[in-house]
Structure formats: structure tokens, C-alpha cells
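Asks:
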Amino acid sequence: MRLLADNTANIRHNVRVEEQLIDIFRRGANDAWDLNLTPAQLDQFQQYADLLVEWNATRMNLTRLTSPRDIAVKHFLDSLSVLRVMQIPRNARLIDVGTGAGLPGLALKIVRPDIHLTLLDSTAKKLTFCRAVADALALTRVDILHARAEDAAKEMDHAHAYDVVTARAVASLAKLLPWTAPFLLSGGVLVAMKGANVDEEMSEGRIAAKNFGIKLEKPVSLMLPEAEEETERKIVLGRRV
């Protein structure tokens, strides 16, 4: 009887955790940011969170942020901040460089299922997780690319082939631009997702950008909704001219 009671308590705890995560995420995405996510999309994010926590605990180190609020705010809402600073073209080809646990790429794909997504990482086991998430969520047009960015960008299928390149906390702008600019079509956009101190990188970043025909815009500052403490993110857009 004690075992049954413990199992019941665990189930109730897990349900409360899931409800807490999705409530936080819904308030941030729909109430604060007017993204109008559907119940089906919210359910996909919940499944994503469940897989992230499970795999992180039992298979591999994917993230140190595993509380419901951290996943909702610092993973999912942070990823969707891209949609606050730019309009991704319909049916765009988007490559997420250094995708890790699939962020921001898979989060954007849930909200924008029309995009053709490529997830690139040099660590194969992380891409195994990304494929598992894409399959569990029935996401189509998701390609997995196990490679270093600087090598993949030289391949015929990937050089100058993408409308959007995302990179979330991958490297300094000066290092990031040589890895990402070669993926972009003319008029394509690099989305460099950075922390609050990105201003310190802008001078060297602009020099690197000029060498690759990229025009860097001024960093856009955003505050992540529903964070326990004030959490600022900055996004730098770079357009291939």
C-alpha cells in the first residue's frame, strides 16, 4: 500500500510540475508576447520539456537548467524571442548552428511548422536527442546535420542555401561570423542570440561582418517575461548584402 501511495504522490507531483511549466510558458508566449500558440502547440512544448528532462537525467548532459520555470523561460521563451525581432519568411530554409538540445530551432519549428529546418551540431549524441524530439512531436521537414559549421558551409548543399541562420550563445561575433555567413543567401539574415554584454563584441564583430558581406544591426534588447529575476537578452541581426 505504501508503494502505491508513493507512486500516486509522484504522479500528482509530476502533473503539478507539468501544469506549472505550461502555465508559465503560456503566460509568457501568449499573454506577454501575443504569439497565440494553440493548445496543440503548447502540448508539443510540454512533450519537448518532458523529453529534455528525461534524457538529461538518464542519457546525456543536455542542460543545467531543468526547473519548470527555467525550461519555460530560459529555454523556450528565450528561443521564441527571435520572433520578437524579425519576421521569418514563409517556407524559409533555416539552419540552427550549434543547436545543442535543439534550441532555438525546434522551438521555432513548433510555432512555425512551415519552415524547413536544419539542425547542425558537432556532437552526434545531441543530434540523436533532437531527432527523437522531432519524431515524438511529428515535426516534418527537419534535417539533422552532424558536422562542424565551418566544414558544412563549404558543401554544395549548404553554401549560400539558407534564408535564416540562428546561433544561440555559440561564440563571440568575431568567431561566429566566419562560421555562419557562408550559409546565407543574398538577403538572408543571421540571428545571433546573445547575453546582455554583447555590446563589447560589436567593434570586432563589425570588422568580421564586413569581410563576409554582412551588415550588422544594432543589438535589440529584450526582457524575458515570467523570469523570477530581471533577465535581459540581446539579439544581433546581420543581413547579407
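In this text, residue positions in the sequence shown follow the working numbering: the first is 11, and each later residue adds one. Ideal placement from N, C-alpha and C gives every residue a C-beta, glycine not left out.
For the beta strand (DSSP E) that contains residue 176, what are its first and last residues?
Replies: That run of the beta strand (DSSP E) goes 172 to 178.
Asks: Do you know whose CA, among 224, 154, 173 and 144, lies nearest residue 183's CA?
Replies: Of the candidates 224, 154, 173 and 144, the one whose C-alpha sits nearest the C-alpha of residue 183 is 224.
Asks: Are the Cβ atoms of residue 111 and residue 150 separated by less than 7 Å?
Replies: No. Outside cutoff.
Asks: Have a look at residue 174 and residue 68 and give me their C-alpha separation to the nearest angstrom.
Replies: Spanning the two alpha carbons is a distance of roughly 33 Å.
Asks: What's the gap between the Cα of residue 31 and the Cα of residue 81?
Replies: Going by the C-alpha atoms only, they are around 8 Å apart.
Asks: Could you tell me which of 84, 214 and 249 sits nearest to residue 238, measuring between CA atoms?
Replies: Comparing Cα-Cα distances from residue 238 to each of 84, 214 and 249, the minimum goes to 84.
Asks: Quick one: using the 10 Å Cβ neighbour count with 16 as the cut-off for buried, is residue 203 buried or exposed?
Replies: When all chains shown are included, residue 203 counts as buried.
Asks: If you draw a straight line from the C-alpha of residue 48 to the C-alpha of residue 42, how long is it?
Replies: In a straight line, the C-alpha of residue 48 is about 15 Å away from that of residue 42.
Asks: Does the beta-carbon of residue 219 have 16 or more other beta-carbons within 10 angstroms, so that it is buried, or is it exposed?
Replies: So residue 219 counts as buried.
Asks: What is the C-beta distance between residue 113 and residue 144, in whole angstroms, given that I count them as a contact (C-beta under 8 Å)?
Replies: No, residue 113 and residue 144 are not in contact; Cβ-Cβ is about 13 Å, not under 8 Å.
Asks: Identify the continuous alpha helix (DSSP H) that holds residue 77 and give its terminal residues.
Replies: Note, residue 77: premise wrong, no alpha helix (DSSP H); not H, not E.
Asks: Using CA atoms only, rank isn't needed, just tell me which of 154, 198, 207 and 165 is closest to residue 128.
Replies: Answer by Cα proximity: 154.
Asks: Pop quiz: residue 199 and residue 234 are said to be a contact at Cβ under 8 Å. What is the actual Cβ separation, rounded to whole angstroms?
Replies: Actually they do not touch by this definition, with Cβ atoms about 22 Å apart.
Asks: Return yes when the Cβ of residue 147 is within less than 7 Å of the Cβ of residue 125, no when it is not.
Replies: Against a cut-off of 7 Å, the Cβ pair of residue 147 and residue 125 comes out as no contact.
Asks: If we ignore side chains and look at the alpha-carbon of each, how far apart do residue 16 and residue 60 end up?
Replies: Residue confidence is low: residue 16 scores 47 on pLDDT, short of 50, so the model does not pin down where it sits. No coordinate-derived value is stated.
Asks: Pick helix, strand or coil for residue 112, following the three-state DSSP scheme.
Replies: Correct three-state label for residue 112: coil.
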